[in-house]
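Scroll down for the structure; my scribbles are underneath it.
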């Protein structure tokens, strides 16, 4: 629990990742389109989406385009966090030392 919270907060500390979540809140999108919309490189968008996916904030899926090209689409996963001093206290109790 505590390590999960730290992981999510670390991932959300990136302005680019927050921008990606905001862009995906409007619906599914694929890496190239997100890169164009956010004016970021495709490799950078892919790296950030992978990090968001690792902590369960987005989900990816493969789809075939009309011309048969495989495209990876991403969606925001349902999530809600209530960050209170008590929640942090509970999380700290369960943290794994690294």
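Numbering (full-length UniProt numbering), first residue to last: 1 to 98. Positions of the beta carbon are idealized from the N, C-alpha and C atoms, including for glycine.
When only Cα atoms are considered, residue 50 and residue 94 end up about 26 Å apart.
A residue is called buried once 16 or more other Cβ atoms fall within 10 Å of its Cβ, and residue 74 is buried on that count.
Around the beta carbon of residue 92, fewer than 16 other beta carbons lie within 10 angstroms, which makes this residue exposed.
Counting only residues of its own chain and dropping the five nearest sequence neighbours on each side, residue 25 has a CB closer than 7 Å to the CB of 76. With respect to the 9 Å criterion, residue 62 and residue 31 are not classified as neighbours on the basis of their beta carbons. By the criterion of at least three beta-carbon pairs nearer than 8 Å, the region 51-61 is in contact with the region 5-17. Within a 10 Å sphere around the beta-carbon of residue 88 sit fewer than 16 other beta-carbons, which makes this residue exposed.
Here residue 36 is exposed: its Cβ has fewer than 16 other Cβ atoms, across all protein chains shown, within 10 Å.
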